[in-house]
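*Asks:* Chains as they are written, first to last, in the UniProt record's numbering: chain E, 1 to 281; chain C, 1 to 281. Below you'll find the structure I mean.
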């Protein structure tokens with residue numbers, strides 16, 4: 001397996017690259033963006049995964065979040081995967097809606113036709129891509145953290161809760177904390193997994209915590225002016241699940257911030273510091 | 001004259017907004033992006049103009065440069081105008097080329113048909129927009145700085161050299177230092193101003209300096225891996241003109257950096273510090 005360079009540029013003394021590779025998990029070409037900090041010239045560096053939200057590709061976080069500055073200072077690699085398989089033969093939502101199909105993989109392994117063939121983002125992110133990065137980039141896979149935004153916050157939380165040994169740190173920006181309890185999630189999980197809600201629980205951070213999953217601690221930032229706050233994101237559900245289970249959670253409600261990358265940019269330094277504290281010690 | 005809010009979001013404790021207004025200079029609706037730092041709640045703040053390059057709108061700098069973080073710390077307003085008039089009735093390059101017409105106003109007042117009617121970016125930026133900002137936003141117009149990228153670096157240098165009393169600070173990222181001596185510039189100035197090269201000198205930083213224009217000092221960053229370095233940008237021409245004229249210039253050649261916003265993001269903090277030193281003292 002190899003990573004083909006689509007583009008690369010020097011950035012804060014490191015390298016910001018977009019790679020492409022043939023994925024066996026999804027059966028498609030997949031792209032990802034990787035920031036390699038200057039410290040990687042001297043040996044493997046810790047890895048922070050960023051999973052993006054609905055409609056995004058590997059590019060949004062890479063050009064909009066301003067994360068490279070501090071990643072270059074701290075010596076952390078940033079890996080931003082795409083949000084779904086793409087390309088010829090990959091089915092999309094019948095109405096081309098933004099919240100299902102292309103750009104909306106929800107980080108699941110689909111079991112329903114016609115999605116099951118290509119929509120295998122869980123296997124891609126849990127198995128194939130870590131192995132590929134480990135074998136091709138100067139990444140220290142014993143020091144991984146994960147974060148994400150919205151649908152990607154859901155991805156980060158659920159992947160970390162299912163694989164606590166893999167990650168030293170987890171955080172999220174405005175995550176979908178319980179896809180089982182919001183319209184975006186119900187549409188996606190019904191479509192990809194079918195109507196049996198017991199199968200959904202592996203893809204719901206609150207349900208995973210109820211079912212016993214634990215990580216050392218979680219940082220979540222949520223803007224109070226986020227237009228999806230009460231209908232889709234519902235941080236109070238995560239707060240309740242963590243309180244009941246004794247799962248440590250730092251939930252910060254950020255007054256006046258919306259769902260945009262201006263919100264992410266405003267707090268990315270806090271998240272990088274949170275991860276660095278756990279990845280670099 | 002009023003600024004209509006197209007969108008706004010909280011960002012680093014301040015506000016990132018996109019505004020629209022009817023421009024008398026261009027005879028079109030014009031958009032601009034403005035970051036208002038939190039300090040503006042307590043009184044007018046200094047203004048840093050950022051002029052963008054070919055193909056850009058008011059959005060590129062706003063979402064890609066990561067400038068708001070330090071602007072919020074320093075208490076500086078960021079104003080990013082569009083790069084040309086747009087809309088129904090505004091002519092474009094016959095071949096829809098990226099380097100003339102829409103997105104390529106070159107910060108001139110065109111005198112040739114059919115461009116002269118709408119392509120009046122000089123008047124827009126030197127007269128109309130400063131007056132509009134002064135009357136509608138918490139901006140201290142006695143403390144203005146200007147910077148820009150590529151075509152916008154050309155804009156920043158030439159506007160500052162023509163109006164040294166207006167600006168306390170000027171810098172540029174990979175500017176077109178002499179449009180009279182590169183293909184982008186020759187095409188644009190021929191198109192907008194006609195074949196008489198004496199009329200071009202007001203729009204050429206090197207010619208302005210040769211003709212006696214001076215500013216206190218200039219900061220320029222230029223990436224060594226910029227694919228336009230030798231054909232279009234030619235920083236050595238500015239270096240020579242400044243040396244001959246005794247115009248102070250800090251020209252930094254940044255090893256390995258290209259023409260992208262990853263280059264701008266890497267050095268925007270240095271430029272903000274340069275401007276703040278001159279705007280805040």
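Cβ coordinates follow ideal geometry from the N, Cα and C atoms, glycine included.
#1: Taking only three categories from DSSP, how would you classify residue 270/E?
#2: Run down chain E in chain order and give the residues with a C-beta less than 7 Å from the C-beta of residue 205/C.
#3: Taking a cut of 7 Å between CB atoms, which residues from the region 242-262 of chain C lie near chain E?
#4: Under DSSP, the beta strand (DSSP E) around residue 37/C begins and ends at which residues?
#5: With hydrogens ignored, establish whether the beta-carbon of residue 23/E is closer than 7 Å to any heavy atom of the ligand GTP.
#6: Can you tell me where the alpha helix (DSSP H) with residue 184/E in it begins and where it stops?
#7: Using the Cα positions of residue 260/E and residue 9/C, report the straight-line distance between them to the nearest angstrom.
#8: Do we get a CB-CB distance below 8 Å when we pair residue 228/E with the residues of chain A?
#9: Can you pull the DSSP bridge partners for residue 49/C?
#10: Counting contacts by CB-CB distance shorter than 8 Å, is residue 69/C in contact with chain E?
#11: Can you list, in chain order, the residues of its chain with a C-beta nearer than 7 Å to that of residue 313/C? Leave out the 5 residues immediately preceding and following it.
#12: Let me know the beta strand (DSSP E) ranges lying completely inside the region 201-243 of chain C, each 3 residues or longer, listed in chain order.
#13: Determine the chain C residues that contact residue 16/E at a beta-carbon separation under 7 Å, and present them in chain order.
#14: Under 8 Å, CB to CB, which of the residues in the region 47-67 of chain C have a partner in chain E?
#15: Going by DSSP, what residues sit across from residue 169/E in a beta bridge?
#16: Relative to the alpha-carbon of residue 211/C, which residue among 234/C, 191/C, 242/C has its alpha-carbon at the smallest distance?
#17: Would you list, in chain order, the members of the region 160-190 of chain E that have their beta-carbon closer than 7 Å to a beta-carbon of chain C?
#18: Counting Cβ pairs closer than 8 Å, one from the region 154-168 of chain C and one from the region 56-75 of chain C, do we hit at least three?
#19: Would you mind telling me which residues of chain E sit closer than 9 Å to residue 266/C, beta carbon to beta carbon, in chain order?
#20: Can you confirm whether residue 33/E, when its beta carbon is compared against all beta carbons of chain C, has any partner nearer than 8 Å?
#21: So the alpha helix (DSSP H) residue 23/C belongs to, where does it begin and stop?
#22: Here's a check: name, in chain order, each residue in its chain whose Cβ is nearer than 7 Å to the Cβ of residue 24/E, leaving out the five neighbours to either side.
#23: Report the rounded CA-to-CA distance for residue 31/C versus residue 53/C, giving the unit in angstroms.
#24: Give, in chain order, every unbroken run of the beta strand (DSSP E) that is at least 3 residues long and sits entirely within the region 84-151 of chain E.
#25: Determine the direct distance from the alpha carbon of residue 257/C to that of residue 274/C, and round the result to whole angstroms.
#26: So what's residue 58/C in DSSP terms, helix, strand or just coil?
#27: Just to check my reading of the structure: residue 46/E and residue 77/E have Cβ atoms closer than 8 Å, yes? What is that Cβ distance to the nearest angstrom?
#28: Grab me the residues of residue 141/C's own chain with a C-beta within less than 6 Å of its C-beta, minus the 5 sequence neighbours each way, in chain order.
#29: Are residue 284/E and residue 93/E close, meaning C-beta to C-beta below 8 Å?
#30: Under 8 Å between C-beta atoms, does residue 80/C make it to chain E?
#31: Would you call the region 230-242 of chain E and the region 202-218 of chain E touching, i.e. three or more CB-CB distances under 8 Å?
#32: Using a C-beta cutoff of 8 Å, does residue 225/E count as contacting chain C?
#33: Quick one: Cα of residue 103/C to Cα of residue 169/C, how far?
#34: Opposite residue 31/C in the DSSP bridges: which residues?
*Replies:* On the basis of the coordinates in this document:
#1: Here residue 270/E sits in helix by DSSP.
#2: Close to residue 205/C, with beta-carbon spacing below 7 Å, lies no residue of chain E; the smallest spacing is near 26 Å.
#3: Correct list: 256, 257, 258, 260, 261, 262.
#4: From DSSP, residue 37/C is part of no beta strand (DSSP E); its letter is neither H nor E.
#5: Inclusion of the ligand GTP in the displayed structure is not the case, the ligand content being empty and no account of it being possible.
#6: Looking at the DSSP string, the run of the alpha helix (DSSP H) that includes residue 184/E is 183-193.
#7: Cα to Cα, the separation comes out at about 8 Å.
#8: The structure shown has no chain A; the protein chains it does contain are E and C.
#9: Residue pairing by DSSP puts residue 49/C in a beta bridge opposite 79/C, 146/C.
#10: Closer than 8 Å: yes.
#11: A query on residue 313/C cannot be resolved here, the shown segment of chain C reaching from 1 to 281 and no further.
#12: Taking 3 residues as the shortest admissible run, the region 201-243 of chain C contains the following complete beta strand (DSSP E) segments, listed from N- to C-terminal end: 218-223.
#13: In chain order: 262.
#14: Contact annotation: in the region 47-67 of chain C, residues whose CB is within less than 8 Å of a CB in chain E are 63, 64, 66.
#15: 145/E, per the DSSP bridge assignment.
#16: Looking at the Cα atoms, 242/C is the closest of the given residues.
#17: For the region 160-190 of chain E, which is checked against every Cβ of chain C, not one residue is closer than 7 Å.
#18: The region 154-168 of chain C, when compared against the region 56-75 of chain C, does not touch it at the 8 Å Cβ threshold.
#19: Under the 9 Å cutoff, chain E gives 10, 11, 12, 13, 68, 69, 72.
#20: Answer no: the Cβ-Cβ gap between residue 33/E and chain C never drops below 8 Å.
#21: That residue, residue 23/C, is in no alpha helix (DSSP H); it is neither H nor E in DSSP.
#22: Excluding residues within five positions, the ones whose Cβ falls inside 7 Å are 128.
#23: In this model, residue 31/C and residue 53/C are separated by some 15 Å (Cα to Cα).
#24: The region 84-151 of chain E contains these whole beta strand (DSSP E) runs: 139-148.
#25: Answer to the nearest angstrom: the Cα atoms are 20 Å apart.
#26: The answer is coil: DSSP assigns residue 58/C none of H, G, I, E or B.
#27: A Cβ-Cβ distance of about 7 Å is found for the pair residue 46/E and residue 77/E, placing them in contact under the 8 Å criterion.
#28: These residues qualify, in order along the chain: 134.
#29: No statement about residue 284/E is possible, as the shown extent of chain E runs from 1 to 281 and does not include it.
#30: No, because no Cβ of chain E sits closer than 8 Å to the Cβ of residue 80/C.
#31: Here the region 230-242 of chain E lies against the region 202-218 of chain E, with 3 or more beta-carbon pairs under 8 Å apart.
#32: Cβ-Cβ to chain C under 8 Å: yes for residue 225/E.
#33: So the alpha carbons of these two residues sit roughly 26 Å apart.
#34: Answer by DSSP bridge pairing, in chain order: 20/C.
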